[in-house]
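Quick notes on the structure that follows.
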Amino acid sequence: MLKEYRTITEVAGPLMVVEQVKDIKYGELVEIEVSDKEIRRGRVLEADGSKALVQLFEGSAGLNLAKAKVRFLGRGIEIGVSMDMLGRVFDGFGRPRDGGPQIIPERKVDINGNPINPYARTYPSEFIQTGISAIDGLNTLVRGQKLPIFSGSGLPHSPLAAQIARQAKVLGTEEKFSVVFGAMGITFEEADYFIQDFRRTGAIERAVLFINLADDPAIERISTPRMALTAAEYLAFEKDMHVLVILTDITNYAEALREVSAARMEVPGRRGYPGYLYTDLASMYERAGRIEGRAGSITMIPILTMPEDDKTHPIVDLTGYITEGQILLARELHRKGIYPPIDVLPSLSRLKDKGIGDGKTREDHADTMNQLYAAYARGKDAKELAAILGEAALSEDDKRFSEFADEFEMKYVNQGLEEDRTVEQTLNLGWDLLTLLPVRELKRIREEYIEKYLSDVRSA
Amino acid sequence: MEEGRIIKVSGPLVVAEGMSSARMYDVVRVSDSRLIGEIIEMRGDKASIQVYEETAGLGPGEPVYTTGEALSVELAPGLIEAIYDGIQRPLDKIKDLIGDRIERGIELPGIDRERKWHFEPRVKPGDSVESGDIVGVVRETTVVEHRIMVPYGIKGTVQDIKEGEFTVSDQVVTINTSNGTEGITMLTRWPVRRGRPYAEKLSPYQPLVTGQRVLDMFFPVAKGGAACVPGPFGSGKTVVQHQLARWADSDIIVYVGCGERGNEMTEVLTDFPELTDPHTGEPLMKRTTLVANTSDMPVAAREASIYTGITIAEYFRDMGYNVALMADSTSRWAEALREISGRLEEMPGEEGYPAYLGSRIAEFYERAGRVKCLGTDGREGTLTAIGAVSPPGGDLSEPVSQATLRVAKVFWGLDSTLAARRHFPAINWLTSYSLYLERLEEQISEITAEDFGDLRKEAMQILQEEAELEEIVRLVGIDALSVKDRLSLETAKSIREDFLHQNAYHDVDTYTSLNKQRLMLKAILDFHHTALDAVESNIDFDAIMKLEVRDVIARMKYVPEDEKETLNSVSRQIKSAFQDLAQAVGGEEVA
Ligand SMILES: Nc1ncnc2c1ncn2[C@@H]1O[C@H](COP(=O)(O)OP(=O)(O)OP(=O)(O)O)[C@@H](O)[C@H]1O
Ligand SMILES: [Mg+2]
């Protein structure tokens, strides 16, 4: 029998102090019996002599200091894993949310996981075709990468993430990705959008969803992504599946973390976020990857809504410091009616170089990518100049680049919600657009490719 | 061994009582899982301990064992090609032992005790030796000769020395000292928080040639110097560090991945055995030691990793080598410091960092330098330290950047605008600096040619002019500029695109020798001068800009080093292109 304590001396915000306790362990799971019917959970944040500082996951409403009973469970927070998780929807703490039965776990696993030995990693290098040109062509995603979407409120990051989940495939295999979806503090409608989309396409059969909604306890969010990642690790590294993890919205997660930190009166880092936010985020993001000798993989797409579209906000900034690039959505493109509104210039996939080229996508991929990128950058500059000095100030060449930039946004970046382009289509589309420019300006492309591909496009 | 008791656990910090006999910075073993920790504060019999492993599951009442030793690294053959965690546990062996993930409570020595090395004496019985003297050598890898030195504090005459196959713990030399005989093995230990001693510190004077054009030409670092690479995320800090680890003309590389990505260490581990060192023709891994404490590994060990790395680097410096240490990123180390300081409830300084942040950073960079090593042969060694800095939001006014700028002599400022334009390395040529520039110029000219310094100065002038001219263009348009100014703009563009821009992922472009660097810059400036003359003799500017020889200049970066004839011919091609142009124009006039 576990010992029960009725010695709560303090409850403040998401924190609770229990005194005169024995044998408590840092990080262990705590059960609080608020009433006969209700058990809530928490975690030991500090074990100080006979005093335990406990973080409450489900809030403190209705908690009576004298009546509530506290039990220390002697283990960390765990999740039961099993293949039966597939097709199911859980809440942010791993309890069924879809009305289905409890799953019978194969095993229980601590949700914090252990760090991957860098010596055991395999460098990610297999091209994932998402069917979205702005990603496949210019910001290529590879298996095992962590590539966040930096978005803003009101921008279509959810449809984009759902489209990636729907369309992602590795060329040459018929194998589909499994999706592990972790939602933190998003609205019912947003969550429902994903669930319906997964149902509609049948993806739900290969999906596990952990959902903490905006009106669920904020503190519970701290464990939601770790539940999701533990499930993903089980599927990827024990069951050989290729898993795509979508985490949305990290901003809500970080706010929950800030709440706990503030309640503990820790010295804050930037904008009130705790100094360990980097480490905390890294302990999640680094769980993506490939491991030598394991068939499966974890590819991660965290979604962040940038407060006030501010790229230097600590949550965004620290994420950028950990992930392997970023896909940035731009309000300006969205206003122009372009979907997906991916701003390709500040977007970057750092692992693209090893995932493209002959045998992976096509030999001309790297060159055309650089050329499209440079041409678009120049076109945007020209447009900016024209905005100040007028069209007349542009040279003939600059005019063509400016035109190119418009066409590029309309035809290349812009595509349908259901449009699944093959990488060939994307590459050919790139060549199509490059015909708008004088050949002598195509300096970043090897002559042989110009001869081979440009004439094809021209004659077509 | 004394035993204390845990009274408090808070994240990576544990407080124990009953520790009166322990000393500051002693290593302790926490709980019966024997987690490794280090004492960082003492109050009465209470010790605050930073624990280098995950502390979940620890609680008050559990034992703490003292060891009486400071946190140390093991130094012996076997360091090269190793990959260690922040406290020198070998990650390859950990994988063999327990698999893909790092669990806690693993005890593995940094140096393999079983492996045998061929020890070759360099002294004979009867020779008198003192600390730092080389008594023998071991061929550790195809490129590194590991020199076994008389440990610090020992002096006497060699009584006995053996050649043959030995493990690191076998005694290879016996020395008669005034306090009796001392047996010496190939293994020594050194506490990481104390710099290793040397005879004398000297001023650095030789360039560390990196093969990176913007660095070698404009902002060179000296062997034994200290440089920093600050920049926002994605601006290219890690690529710069990796490029230096690959191509710098250093005998030994110590690469410390401190709180960064696991995949970046994997990249080094997969690439370095495949890549050839242009100086030795051997795989790069044969001169490299890796220390990896990735961002998901325990935060306290991140703090230690920097010291583990620099102590290993100093050890090779003491053998008389040129050693370069890269630390990516020192900001993560500073954050670890901040986190521990916060848990100790110390009075925070700026942005929550402890007040001693600046002095810790200064101490670290001061361990770099050119030194006269201990030992009677008077050999010299250098240790170059290059630290990446990751300022929040790229804003250099924050404490870690500021403290670093006060001590580092070279500043390679990475710029998000350049990175967003894919101008790599995104080193801002207007704000970056090297305080070694003058000192190294003579040496570099000796390696290349007299005109090296002049080429550099002129190119930099043109780049500065560009910044001013662009301002004008932005306000009133390009038409307001004179033809000469337009030429300057074009030349500046050529310097940027054809010289400064360097693709780390291109087989040839990734490394450029000093001689080729000079030829490239000379070609650009030759074109500039010849074009200036042509403009003065009223040759049409657009015709000059259409000259095909400009493509030849632009393609120089892709011409392999050994095609010397092609490289040397560019200046001639420029001359004849202009002659042809002048003739064509003259011809038209006649016709
Ligand atoms: N010299 C270069 N040549 C080609 N590409 C480069 C070069 N330098 C940087 N890049 C590009 O920039 C990307 C980001 O570089 P890097 O990973 O070094 O950034 P960082 O400053 O270390 O970022 P973080 O702080 O997030 O670690 C690389 O993945 C690569 O695509
Ligand atoms: Mg980096």
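Protein chains in written order, with the numbering used here: chain A, 1 to 460; chain B, 461 to 1051.
Where is the CB? At the ideal position from N, CA and C, for every residue including glycine.
Note that the structure is a prediction, hence the values are computed from the model and not measured.
Span of the beta strand (DSSP E) around residue i
i, result
"R71 of chain A", "69-72"
"M786 of chain B", "782-788"
"A507 of chain B", "506-511"
"N212 of chain A", "207-213"
"P859 of chain B", "P859 of chain B -> not in any beta strand (DSSP E); alpha helix (DSSP H) instead, spanning 859-867."
"G404 of chain B", "Nothing can be reported for residue 404 of chain B, as the shown portion of chain B is limited to 461 through 1051."
Opening and closing residue of the alpha helix (DSSP H) in which residue i lies
i, result
"E724 of chain B", "722-731"
"G320 of chain A", "314-322"
"S532 of chain B", "Not the alpha helix (DSSP H): S532 of chain B falls in the beta strand (DSSP E), residues 532-535."
Nonlocal neighbours in the same chain, by C-beta distance under 6 Å from residue i, ignoring five residues either side
i, result
"N370 of chain A", "R444"
"P581 of chain B", "G596, I621, E623"
"I467 of chain B", "V475, E477, P520"
"H334 of chain A", "L155, P341"
"D197 of chain A", "A162"
"L65 of chain A", "I8"
"I800 of chain B", "Q510"
Supposed contact pair residue j and residue i - C-beta distance, whole angstroms, cut 8 Å
i, j, result
"V849 of chain B", "S857 of chain B", "Wrong, their Cβ atoms sit about 12 Å apart, outside the cutoff."
"I204 of chain A", "A168 of chain A", "Wrong, their Cβ atoms sit about 15 Å apart, outside the cutoff."
"Y658 of chain B", "V831 of chain B", "4 Å"
"D110 of chain A", "I77 of chain A", "7 Å"
"I635 of chain B", "T617 of chain B", "7 Å"
"R573 of chain B", "V632 of chain B", "The Cβ separation is near 15 Å, so there is no contact."
Own chain partners of residue i with C-beta closer than 7 Å, once the 5 adjacent residues on each side are dropped
i, result
"G694 of chain B", "A879"
"A909 of chain B", "R978"
"E950 of chain B", "M1005"
"G42 of chain A", "M16, V30, I32, V54, Q55, L56, F57"
"I614 of chain B", "S591, I635, T637, E642"
Spatial neighbours of residue i in its chain, beta-carbon cut-off 8 Å, leaving aside the 5 residues before and after
i, result
"F408 of chain A", "L372, A375, Y376, G379, L433"
"R747 of chain B", "I540, T601, V603, V604, S710, D711, I712, I713, D737, T740"
"I322 of chain A", "K146, Y278, L281, A282, Y285, E286"
"A1051 of chain B", "The predicted model places A1051 of chain B with a pLDDT of 37, which falls under 50 and marks its position as unreliable, so this point remains unresolved."
"L890 of chain B", "L923, Q924, A927"
"E424 of chain A", "R362"
Classification of residue i by the beta-carbon crowding that lies within 10 angstroms, buried from 16 upward
i, result
"T9 of chain A", "exposed"
"E58 of chain A", "buried"
"D280 of chain A", "buried"
"E1049 of chain B", "Model confidence at E1049 of chain B stands at a pLDDT of 47, short of 50, so the residue's coordinates are unreliable and nothing is read from them."
"A815 of chain B", "exposed"
"D364 of chain A", "buried"
"D317 of chain A", "buried"
"P585 of chain B", "exposed"
"K3 of chain A", "exposed"
"Y119 of chain A", "buried"
"K576 of chain B", "exposed"
"T422 of chain A", "exposed"
"P690 of chain B", "buried"
"R6 of chain A", "exposed"
"V439 of chain A", "exposed"
Using a Cβ cut-off of 7 Å, which residues of the stretch 53-77 of chain A contact any Cβ in chain B, in chain order? Residues passing the 7 Å Cβ filter: G76.
Any C-beta of chain B within less than 9 Å: which residues of the stretch 214-239 of chain A qualify? Identification of residues in the stretch 214-239 of chain A having a C-beta nearer than 9 Å to some C-beta of chain B yields F237, given in sequence order.
Short-range partners of chain A found in the stretch 838-857 of chain B, where Cβ spacing is below 8 Å: Flagged, chain order: S850, P852, G853, G854, D855.
When you check each C-beta in the stretch 747-773 of chain B against every C-beta of chain A, which residues fall closer than 7 Å? Within the stretch 747-773 of chain B, the qualifying residues are A752, T754, S755, D756, M757, V759.
Give me the subset of the stretch 947-975 of chain B whose CB atoms are less than 7 Å from a CB atom of chain A, sorted by chain position. Within the stretch 947-975 of chain B, the residues whose Cβ lies closer than 7 Å to some Cβ of chain A are Y965, listed in chain order.
Along the stretch 386-416 of chain A, where does the CB come closer than 7 Å to a CB of chain B? Name the residues. Of all residues in the stretch 386-416 of chain A, L389, A393 have a Cβ within less than 7 Å of some Cβ in chain B.
Residues, ordered as in the chain, of the stretch 100-127 of chain A that lie near chain B by beta-carbon distance below 9 Å: Hits within the stretch, in order: D110, N112, G113, N114, P115, I116, N117, P118, Y119, A120, R121, T122, Y123, P124.
Chain A contacts made by the stretch 798-827 of chain B, where a contact means CB separation under 7 Å: Those residues of the stretch 798-827 of chain B that come within reach of chain A (Cβ to Cβ, closer than 7 Å) are R798, E799, G802, P808, E811, G812.
Which residues, in chain order, does the stretch 332-366 of chain A contribute to contact with chain B at a C-beta distance below 8 Å? The stretch 332-366 of chain A vs chain B, Cβ under 8 Å: L345, P346, L348, R350, L351, D353.
If the cut-off is 8 Å on Cβ atoms, which residues from the stretch 860-883 of chain B count as contacting chain A, listed in chain order? Per Cβ criterion, the list reads A880, R881, R882.
Note down, in chain order, all residues in the stretch 717-744 of chain B with a beta-carbon under 8 Å from any beta-carbon belonging to chain A. Residues G717, G719, R721, G722, N723, M725, T726, E727, L729, T730.
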